[in-house]
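*Asks:* Numbering-wise, the sequence shown is residues 1 to 368 according to the UniProt record's numbering.
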Amino acid sequence: MVPSLRTKLGALAALLHFSNIYVASGQFCSCSSLVVPVHVDVLIPKDPADPFGGLKSNASSLRRLDETYDVFGVFCQPNTAVSSEKAEVIQLLVHGFTYTSQYWSPPTEEFRNYSYTEFACDRGLSSLAIDLVGVGLSSRPGNASDVQFATNAAVVSQLARHLKIASIIAGVQPFRKVIGIGHSAGSATLTFSATAEGAHSPFDGFILTGNLNVQPGTLPSLPGIMSARDDTPLRWGGLDPNYITTNNRSLFYPANSNSFSPRMIIFDAFTKDVGPLSAQLQGSVTSLPAHYPGPVAKVVGSEDQGFCAGGNCVDVVALNAAERLLWPDARSFDVVVSQGSGHDLNLDFFAMAPFNTYVDFVEQFAAL
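1) Helix, strand or coil for Glu-67 per DSSP?
2) Give me, in chain order, the residues of the same chain whose beta-carbon lies closer than 8 Å to that of Thr-68; leave out the 5 immediate sequence neighbours on both sides.
3) Compute the distance between the beta-carbons of Leu-128 and Ile-90, then report whether it is under 8 Å.
4) Can you have a look at Ile-168 and say buried or exposed, based on whether 16 or more other CB atoms are within 10 angstroms of its CB?
5) Let me check one thing: in DSSP terms, what residues is Ile-179 bridge-paired to?
6) Let me know the secondary structure DSSP gives Thr-100 once reduced to three states.
7) Just curious, the alpha helix (DSSP H) that Leu-251 is in, first and last residue?
8) If you draw a straight line from the alpha carbon of Gly-283 to that of Val-214, how long is it in whole angstroms?
9) Using the C-alpha atoms, what's the distance from Asp-334 back to Val-292?
10) Just to confirm the assignment, what range does the alpha helix (DSSP H) spanning Ile-244 have?
11) Compute the Euclidean distance between the alpha carbons of Asn-113 and Phe-119, then round it to the nearest angstrom.
12) Counting only runs that start and end within the stretch 162-209, where is the beta strand (DSSP E) found for 3 or more residues in a row?
13) Among Phe-355, His-343 and Ala-160, whose alpha-carbon lies nearest the alpha-carbon of Ser-201?
14) Suppose you measure from the CA of Gly-237 to the CA of Arg-123; what does that come to, to the nearest Å?
15) Any idea if Val-317 is buried or exposed, counting beta-carbon neighbours within 10 angstroms, 16 or more meaning buried?
16) Note down, in chain order, each residue of its chain lying with its Cβ closer than 8 Å to the Cβ of Gln-280, except the 5 sequence neighbours on either side.
17) Can you confirm whether the stretch 132-139 touches the stretch 149-157 when touching is taken to mean that 3 or more C-beta pairs between the two stretches lie within less than 8 Å?
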């Protein structure tokens, strides 16, 4: 089935391919939005309830998905000259469930800048923040069961390869290294990519935030999960009922309400998006070993109400050892527990600490 966004943009696709829709300049960044056609040819489970997304399935339980999707992204680069080493590195930023690329650059609030893309630009690093297929301004297949971890894992891998061989916009050279940074389900997407491709992965490192190993049947439950078309009929009334959203964002923040701006919750609710039901059913993909040979880091908030409930993140040494078991071939592996941060590490008052952690790991990985 032809994705609806592609229908709308079909006549423009050739013109928009790696071209600017708008250009915005801030204190540290020049940012351009773009639409990139990405072809995926991948096997996905016939039943999207498969907890491992097809990674452990036999051929009879899989079906072929051969489609080209329009992937929306925002490319940001530093306004000032940077070293040749940093100029060769780009971060591919992958949002979490019911979020979009806006997660990486929300508006300034109470004189606090929550934009990781601008923070990274100030430190000489470029980024491409994307909307995953099914979400935001990217193609949204009519059949939600087409949007699984395998689908978007193929998308991010294809994008990483393209960033190394083609110019993202006019005047920008291909990048030598691509570091994948994910949040929550975006981290699971990158994990799926690493598990599926192993040593053939195009990524030169992974920074996986807001995500820890999920054993089958133990995925932290989100409050208020419901069909998106029932939640907001005016906006999503025509969607497949298996596109879902949440009407309660509180679990994404620390339990202590003094840890975040109440207006950020309002913005969060106003800009929330949808996700496929499979994103809630296939979380066990993170419990499989990924034979990826590059460097890996995980960053989780100490106040993450899902992953760190019950003191799960207090003993960082034990947590690091447990998570390391699933990355046996990683060149290096670290778990960082960011004190005070909730699940959405980028959106509370403690955001600068994880921002510094992300940049430190990007620089470390780029130097390898």
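Each residue gets a CB set at the ideal place from its N, CA and C atoms; glycine is no exception.
*Replies:* According to the structure shown:
1) strand
2) Arg-6, Pro-37, Val-38, His-39 and Val-40
3) yes
4) buried
5) Gln-91
6) coil
7) Element bounds for Leu-251: n/a, residue is neither H nor E.
8) 6 Å
9) The displayed chain sequence assigns Tyr, not Val, to residue 292. Tyr-292 and Asp-334: Cα-Cα distance of roughly 14 Å.
10) Run containing Ile-244: none in the alpha helix (DSSP H); it sits in the beta strand (DSSP E), 243-246.
11) 8 Å
12) 177-183 and 206-209
13) Ala-160
14) 43 Å
15) exposed
16) Phe-97, Leu-219, Leu-222, Ile-225 and Ile-244
17) yes
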